[in-house]
Structure formats: C-alpha cells, structure tokens
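To start, the structure under review is shown below, and the notes come after it.
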Amino acid sequence: RIHIDKGEKVKVDEIVFHGVKAFDEEVLARKMKETKARKWWRFYKPSKFLENSFQSDLQGVVNHYHGQGYRNARILGDSLSRKDEGQVKLDVYVEEGNPFYFGDITFTGNTKYRTTQLDSLLDIQRGEVFSLERLETRVFMDPKGLDLSSLYQDDGYLTFQARPIERRVVGDTIDIEVRMMEGQQFRIGRVMVQGNSKTNDHVVYREIRTRPGDLFSRTDIIRTQRELSQLGYFNPEAFGVNPIQHPEDGTVDIEYTVEEKPSDQIELSGGWGGGRVVGTLGISFTNFAASKMFKKGTWRPIPTGDGQRLSLRAQSNGLFFQSYNFSFTEPWLGGKKPNSLSVSVWRSIQSNGQPKMIEDQINEARTSLEITGAQIGLGQRWKKPDDWFVFQSSLSYQHFNLNDFGSFFSFSNGRANNLALTAVLGRNSVSDPIFPTWGSNVEVSVKATPPYSAFRPLDYYENADGSPVDDQTRYRWVEYHKWKVKAEWYTPLTQSGGENPKTLVLRTAAGVGLIGQYNRRAGLSPFERFYLGGVFLSGFVLDGREILNLRGYDDLSLTAPDRNTGAPVVAKYSAELRYPLSTNPSATIYTLAFLEGGNTWEDPRAFNPFQVYRSAGVGMRIFLPMFGLLGLDYGWRLDDLESVPNMDRAQFHFSIGMNMGEL
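Counting from -1, one number per residue, gives the positions in the sequence shown under this note's numbering.
This is the structure:
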C-alpha cells in the first residue's frame, strides 16, 4: 500500500512588491492573473498558491513593465513565508531599470507603398514610451485591421513578412528598422468548404467573401468567419482556414473547415400570466429546407440544409387562453441576393373560461377577446455606406374582436383594426450571436399606420351634442406613428482582445421609444405602448405592447401612468460586464454584473433622459441549442418608487429567450 499525505492547502494572504517606484503595487497585482491575495469580495476566485501559475504571473508583471517602456525590468527573486495556518505571504523583488523611448523608425524593402504611408499607418512618434507590444500590434495584428500586415495581405500579398529590429540604442532612445519582404500578389483560385455535413454547400458559399479571381484579402477571410458564425449552424471554435499556395501561377486556394452543431430549438415550459399557469409548446427549425419537403428520404426527422427558418408555437391554459403562431423566413429570396422574405400569422383567444356554445346555443355568459394577425416582411443587405447595413420593411395587420371584454382596453365591445407599415435601418457588426466579444448593433425604426384622421370630417370624433365619441368608434382603425432608436456596443476589456473566447466583455446599450399622434382630436393610441419593470414572462402581448425589462423592480411597475394603460415614451440604459465560463457550443455559459436604468413618461413633453430609476445586480446565462437562452438575475433597486412603497429592495428574475425585454 502507498499512503499519500496531501498536506494542507496553501492560500495567499498577501503579496508584497519590493523595489517598485514606477507603478502602484495594486497595478502589478492585477497583472497576476492566477495568483491573487485573499480579499473578502473576491468570492469568485480562490486565493490558493500554485507554483506553476505563480511563475507565469511573474512573467506577466515583467511584460507589463516592458509594455510601459521599462525594457530592462526583471524579477530579481521571490520568497514565500508562512503567516497563519494554511496562509502564506509572497514577496516579489523587482528591478525596474529606466524607461526607454522610441527614436527614429525606418522601413526597408518597401516598393508597393511609400515610407510616408507606412509611417502614417504605424502611428508611433519619436519620443513616445517604448512598447514592444504596441510595435508588434501595429506591424502584425491590430484588432481593427490598422497594421502593416493587413495593409499588404488585404492587397494580395499573402506571403508578406515584416521584422522590426532595434537598429541603434542611444541613451534611453531606441531607433527601429522595419525590414519587409513584400513577396508576390496572389489571386484566389478555388474556394472549398469541408465539414458541412448537414448544411447545403450553396448556403455556406453565399456567405463567403473570398471569391475566385479576387486578390487575396485577410480581412475578407475574417469577415467570412464572422458571417458563418452568425448563421448559428457551426461551432465558432472549430473554424479553420487553410490557404494552399500555387506560386507558379500566383494563385491560392482557400479551404474552410467547419463543424456542424445543433441549432434547432424546442420550447416546453410553464409560465404565469393572467393569474393562471400557461403551458407553452414550441419548436423552431433554423436550417429548414422547404424545397425538400416532397422528396423521398429527406424527413429525418425534417428536411434541412437550406438555411430557412420555420417556427411553430402554441400556448394555452384551457378555455381561458389560447395562442397559436406560425412563422417562416427565407434569408435569400431567389437564391442570388441576400434579400430575405418573412411571413408570420397568429391567432389568440382569451376569455373568462366559459365555453362558446352550450347545447348548440351561444353562451351569453362568455366574455372574450380574439386577435388575428399576419405580417409579411422584406429585408435587404446594403453595401453602402458599408456592408454591415441592413434595411427591413414589413406590412402587418391585426384584427381585435371584443365581446364584453374590458380588462385591457378602454372599450369592452366592438372591433379594432391595426394596419401598419414598419421600416428598420440597422447596422450590425457583432462578432457572435450568442456571446459577442466585439462589434456594435445600431437600429432606427419607425412603425406607422395610415393617417385616417386626415381623410375624416372634422366632426368625426364628436357626437351631435359635442361630446367625444366612444373609444370603440375612435379606435375602429387605430392610427399612430412609433419611433425607436437603440444601440448596443461590445468592447473586449482583456489584453487578449476580441478573438479570445474567454475575454472579459463590456456591453453597453441605450434606447429611446416614442409614440406620436397625427391628430389631437383622435387622441393618442392605446395600442403599441411601452411597459417597463421587472422581467415579465407572460405570453399575453395582446395589443402590440412592448414589455421592457428593468431588473430589481416589480413587473411593469415603472410604467406611467400605470401598468394597465402603458406609456407613450420610454428610455432605457444598461451596462453589463460579461465573462464566459464555457464557450462550448453545446452549453455556452457566462456570468454577468449589470447596472441599468430606465423610465417612462405619460406626457412626451415631460421627457427627461436623465430622470431614470436605477438598479444593479449579478446574473448568469446558459445557452442550450435545444432550448435557447436561459437567464437568472439578482437585481437590487437603487431608487424608491412612490407608487409601490412596499416593493422588495432586491429580487430574483428568471428569463427565457434572447433579447427578450429589450427595446
């Protein structure tokens, strides 16, 4: 038998740096990624001591010095001493040296571009603090593509090489010479894709930006990877690019390798709405193939591969509520241009639970609201101002039939019609649909009905005695114009940049919405209004209302003038720090800390973008391909609400779906 004494775990109680003058010790401690001193607030990371990690962290401290011009900085030594039981103190002895600065930067071997052009792109001036990391970034790989290698490799120079060397050191000034070998220009020969066992070739090839005959471009390859990732069919961690050079004829074949991942989703859940439990069953096929529906052997279990989206969803809690939804999207209408076509229809019925017929007779005790709707939309990708822009337009119609139903509307009997045209202009450059690490998404939209009041007589909205007409007459054909502006940005905060799937990411977002009226006599529409507060899970979205989340508060509690009427104006801002625990496509998990604020206004003239209710908290998101995005947040409200004086200061929120509750 072998007896092993594991001993006790050793934790770091304190890290002390000696010989440090240029930086605060806390700055150096933050450069140690794995070795951390014990702090009461650092509950998410243990302070255990690991020798291998400690040595790597010491190199991180040295790299920080080198990046700030202290090229001769080094670690003289370190020591470990025991403090309390199971706790140690680390002493790190640093020799900083003196800071160095850039001198003259010259280029050799350049024939394609002038030295002035290269110097302008490098953007390093004489006298700036010397940083080898910055120099290499500007020469080889700038995340924004502003480097010498991108300049050449985007112009076909696949084999371009650059080597910065220290030509001369005088005192504290270092002169740099960038030696370049431009090589020959390559044009793209064949483009091949391997690994798409489920998705048809034409679906993949139409997203590829590298075309046969074009000059080789590194930027086009990076963009291709982003577009394939946006499809949601492939594992982003398994993307591969293999350029096969043919110097004899100046061509290069590009081989992309992909790995399919599950993308269809099944929704089976129970929620709470209208005071009752609501069951939901939904299925979404994200890579459907309508062209194979009548082909033998393609139903395994459904025809797939053409990149179409088919969604079916049903909700019910018996006689009280039923809802049915169908939608279909063809992303490449006609197959030649990225013009999308989407069609959706829906129907919902809400009642007091009484049957419609009793012994072949209409049940007079039944009250109900029936909504039938349809929408058809077209989308276009624009190439100007750049090819991140998308324009979408849609025509929608909703018919409301009320039978003694007064819970949500200002009238309880009659019919209402909502016919509207929507136009959306957006620019979306986010890197990944599930866990973006860089990019932005900006969108401006307007939704408008015809101005019926402009064609009606002046006395349409008045009775013979001068009193206002009833709301059922006023809103038989609803009229309004609705404007929204929203934007979100993703910024990588760690040194590894946006390509590292484990990077810490800051997401910032802001949005404003407004509903206007054509005619004061017609009044402001009670439809399409904004509701704010909490995380509302109910599926009862009856009148086109937009329910927006604000964690830390009760559901709909921040809606002015009240949670039943809705608000014509809303503003919301949020900031989130996100860090992934797992980037596995079969289970993507990330944690987050958030700070957000928002408010609604009954009168547009009272709008004040700085008068908001604030909250903060932490949360977690789990993305499962079969079920979508699941979220759990703990929100702490920072402001009191006079209308709800007994609201809990903090509360948990559960969410289902992506972008739910966003403007």
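Backbone N, C-alpha and C fix where the C-beta goes; we use that ideal spot for every residue, glycine too.
Nothing here was measured: the structure is a model prediction, and the numbers come from that model.
According to the neighbour-count rule (16 or more other Cβ atoms, all chains shown, within 10 Å of its Cβ), is ASN283 buried or exposed?
The residue you asked about is not Asn; residue 283 is Phe in the sequence shown. Result: buried.
Residue from SER325, GLN182, ASP55 and PHE286 with nearest C-alpha to ASP247
Out of SER325, GLN182, ASP55 and PHE286, GLN182 has the C-alpha closest to the C-alpha of ASP247.
Stretch-stretch touch, CB-based, cutoff 8 Å, three pairs: the segment 560 to 570 with the segment 521 to 530:
Touching, yes, given that three or more Cβ pairs across the two stretches are closer than 8 Å.
Counting only runs that start and end within the segment 79 to 142, where is the beta strand (DSSP E) found for 3 or more residues in a row?
Assignment of beta strand (DSSP E) within the segment 79 to 142, counting only whole runs of 3 or more residues, yields 85 to 93 and 99 to 106 in chain order.
Express the C-alpha separation of SER54 and ASN337 in angstroms, rounding to a whole number.
A direct Cα-to-Cα measurement between ASN337 and SER54 gives close to 51 Å.
With 16 other CB atoms within 10 Å as the buried threshold, where does MET656 fall?
Classification for MET656: exposed.
Check whether GLY154 and PHE105 have beta carbons under 7 Å apart:
It is not a contact, given that the beta carbons lie outside the stated cut-off.
Reduced DSSP category for TYR203 - H, G, I as helix; E, B as strand; rest coil:
When secondary structure is reduced to three states using DSSP, TYR203 falls in the helix class.
Determine the DSSP secondary structure at GLU497, reduced to helix, strand or coil.
At GLU497 the pLDDT is 43, less than 50, meaning the model places this residue with poor confidence; the figure from the coordinates comes in the next sentence. In this structure, GLU497 counts as coil in the three-state DSSP scheme.
Name the residue from ALA312, PHE158 and TRP599 whose alpha carbon lies nearest to the alpha carbon of SER346.
Minimum Cα distance to SER346 is reached at ALA312.
Provide the residue span of the beta strand (DSSP E) that contains HIS244, from first to last.
Run containing HIS244: 238 to 244, per the beta strand (DSSP E) assignment.
Please name the residue in VAL343, LEU502, GLY211 and ALA648 whose C-alpha comes closest to that of ASP553.
It is ALA648.
Quick one: what does DSSP say LEU491 is sitting in, helix, strand or coil?
Annotated three-state conformation of LEU491 is coil, per DSSP.
What is the C-beta distance between GLY511 and LEU548, in whole angstroms, given that I count them as a contact (C-beta under 8 Å)?
Not quite, the Cβ-Cβ distance comes to about 14 Å (not below 8 Å), so this is no contact.
Is the beta carbon of TYR478 sitting closer than 7 Å to the one on SER443?
No. Outside cutoff.
Spatial distance of LYS81 from LYS7 (CA atoms)
Spanning the two alpha carbons is a distance of roughly 13 Å.
Cβ atoms of GLY143 and THR217: under 7 Å apart, would you say?
Cβ distance < 7 Å, so THR217 and GLY143 count as in contact.
Between which two residues does the beta strand (DSSP E) harbouring ASP173 extend?
Looking at the DSSP string, the run of the beta strand (DSSP E) that includes ASP173 is 171 to 179.
Cβ neighbours of ILE174 in the same chain (closer than 6 Å, five flanking residues each side left out):
Apart from sequence neighbours up to five positions away, the residues of its chain that approach ILE174 with a beta-carbon distance below 6 Å are ILE103 and PRO162, ordered along the chain.
Measure the alpha-carbon distance for GLN378 versus GLY303 and round it to whole angstroms.
Taking the straight line joining both Cα atoms gives about 22 Å.
What first and last residue would you give for the alpha helix (DSSP H) that runs through HIS16?
Per DSSP, HIS16 is not a residue of any alpha helix (DSSP H); the beta strand (DSSP E) it occupies stretches across 9 to 16.
Hey, how far is the Cα of LEU579 from the Cα of ARG619?
Each residue's alpha carbon lies about 10 Å from the other.
So, at 7 Å on beta carbons, what are the nonlocal neighbours of LEU331 in its own chain, with the 5 sequence-adjacent residues on each side left out?
Result list for LEU331: ASN337, SER338 and LEU339, in chain order.
Rounding to the nearest angstrom, what Cα-Cα distance links GLN223 and VAL191 in this structure?
Put simply, the backbone Cα of GLN223 is about 12 Å away from that of VAL191.
How would you call LYS482, buried or exposed, if buried means at least 16 neighbouring beta carbons within 10 angstroms?
Buried, by the Cβ-count rule.
Could you say which of GLN66, ASN517, ILE374 and GLU23 lies nearest to THR327 if we only look at CA atoms?
Per the Cα distances, ILE374.
GLU24 - containing beta strand (DSSP E), residue span
Not the beta strand (DSSP E): GLU24 falls in the alpha helix (DSSP H), residues 23 to 28.
Same chain, Cβ closer than 6 Å to GLY495, neighbours up to 5 away in sequence not counted
Per-residue confidence for GLY495 stands at a pLDDT of 42, beneath the threshold of 50, marking its modelled position as unreliable; no derived number is given.
Buried or exposed, going by whether 16 or more other CB atoms sit within 10 Å of the CB of LEU226?
The residue in question, LEU226, is buried, as its Cβ has 16 or more Cβ neighbours within 10 Å.
Of the residues GLN348, SER451, LYS445 and SER394, which one's Cα is nearest the Cα of GLY401?
According to the sequence provided, residue 401 is Asn. The question's Gly does not apply to it. The candidate whose alpha carbon is nearest that of ASN401 is GLN348.
Cβ neighbour criterion (16 or more within 10 Å) applied to ASP170:
Per the 10 Å Cβ criterion, exposed.
Out of LEU56, GLY316, GLN85 and SER79, point me to the one whose CA is closest to ARG72's CA.
The candidate whose alpha carbon is nearest that of ARG72 is LEU56.
Reduced DSSP secondary structure (H/G/I, E/B, other) of VAL256
In this structure, VAL256 counts as coil in the three-state DSSP scheme.
Limits of the unbroken beta strand (DSSP E) element including ARG576
Where ARG576 is concerned, the enclosing beta strand (DSSP E) stretches over 567 to 580.
Report back the beta-carbon spacing between ASP76 and ARG36 to the nearest angstrom; my notes put them in contact at under 8 Å.
Under the criterion of beta carbons closer than 8 Å, ASP76 and ARG36 do not qualify as touching, at roughly 18 Å.
For a test of the three-state rule: what should DSSP assign to TYR588, helix, strand or coil?
Strand.
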